[in-house]
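Student: Supplied in structure tokens, the structure appears directly below.
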Amino acid sequence: MKKIVLLVCCLPFILIAGDLKSALVKGRSTNKPVMVVVKSEVCAYCDKMKIETLNTQLVRNNTQEFIKVTVDKGSPDADRYLPDTRYTPTVYFISPKLKIVNTVSGYLGRDDFNLWVDDTKRKLGLKSSKKVYKEVAKTQSKHWMYDIASAMDYASQTGKQLMIYVDADGSKWTTKMKQTTFANAQVQKALKNFVWVRIKKGDAQARSFGLQPKYAPTVYFMRANMKQLAKAEGYFEPSDFILWINHAKSKI
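Residue numbers (my numbering): 98 to 349.
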């Protein structure tokens with residue numbers, strides 16, 4: 098966020114040629130939001146998201162109000178004008194005032210991605226094409242991925258492990274764990290070598306990978322190949338959850 102704020106202070110400087118810089122300047126001068134897609138050459142799911150999500154007519158229609166630009170992770174423009182990007186693909190939705198409104202990490206299908214587009218439009222005061230679900234509006238996506246397969250791909254690229262969090266709608270304990278435990282700085286530090294994945298209890302994705310816990314919240318610590326390291330069922334305060342993280346690390 099600090100890098101984006103820098104843009105506001107030094108706007109004349111970014112008039113130098115460059116796709117990302119030009120898009121940001123155009124967004125500010127025309128009062129249009131910008132959608133930035135960050136990709137990488139080793140990202141198997143970047144092409145999949147481009148073909149199956151971003152290039153579909155429904156998504157293209159829903160993002161007509163956005164200036165769109167694609168940048169490579171680690172490029173000078175990305176390093177200078179975007180926050181550190183942990184995963185690819187990552188999509189940043191940026192307001193005309195150069196503030197990041199939403200961040201989507203990892204592969205999302207057409208319908209799920211459109212929910213994030215609609216949530217961004219709602220926050221910007223633009224007309225949304227469909228109902229915006231409260232769950233999307235309150236989700237903090239800085240750390241999370243939502244697709245197990247693309248998270249496995251990223252973990253295998255980087256030598257990281259997986260932390261798969263299974264939550265459920267309407268559960269006060271899953272809400273508390275997101276807001277208290279995962280927001281804790283020590284927990285985040287302990288999980289820095291894990292790719293964070295969030296899925297819903299009982300959904301098709303969870304079933305396809307054999308993740309059918311009795312309780313929510315449940316956390317699975319897995320290798321990149323989905324071999325289980327540990328399974329923590331129920332709500333845990335930060336100090337207790339760190340014990341589970343350390344237990345999982347001891348199995349690596």
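Cβ coordinates follow ideal geometry from the N, Cα and C atoms, glycine included.
1) For residue 285, I'd like the list of residues in its chain whose CB is within less than 8 Å of its CB, leaving aside the five on either flank, ordered along the chain.
2) Could you tell me which of 193, 142 and 161 sits nearest to residue 185, measuring between CA atoms?
3) Is DSSP giving residue 139 helix, strand or coil here?
4) Three or more C-beta pairs closer than 8 Å, one from the segment 169–178 and one from the segment 127–138: is that the case here?
5) Rounded to whole angstroms, how far is the Cβ of residue 200 from the Cβ of residue 187, which I believe are closer than 8 Å?
6) Buried or exposed for residue 314, please, with buried defined as at least 16 other CB atoms from any protein chain shown within 10 angstroms of its CB.
7) Under the three-state reduction of DSSP, which class applies to residue 126: helix, strand or coil?
8) Which value, in whole angstroms, describes the spacing of the CA atoms of residue 160 and residue 196?
9) Could you pull out every residue in the same chain whose Cβ sits closer than 7 Å to the Cβ of residue 193, ignoring the five residues on either side in sequence?
10) Could you round the C-beta distance between residue 294 and residue 245 to whole angstroms and report it? I think they count as a contact, below 8 Å.
11) Taking only three categories from DSSP, how would you classify residue 161?
12) Hey, residue 311 and residue 326 are a contact pair by Cβ (cut 8 Å); roughly how many whole angstroms apart?
13) Find out if the Cβ-Cβ distance for the pair residue 335, residue 290 is shorter than 8 Å.
14) Classify residue 357 as helix, strand or coil using the three-state DSSP reduction.
15) Secondary structure at residue 207, three-state DSSP: helix, strand or coil?
16) Here's the rule: buried if 16 or more other CB atoms are within 10 angstroms of the residue's CB, otherwise exposed. What is residue 305?
Tutor: So, from the listed chains and residues:
1) 240 and 279
2) 142
3) coil
4) yes
5) 7 Å
6) buried
7) helix
8) 18 Å
9) 124, 125, 128, 129 and 130
10) 6 Å
11) coil
12) Incorrect: roughly 19 Å between the Cβ atoms, too far for contact.
13) no
14) For residue 357 there is no data in the structure shown, the boundaries of the chain being 98 and 349.
15) helix
16) exposed
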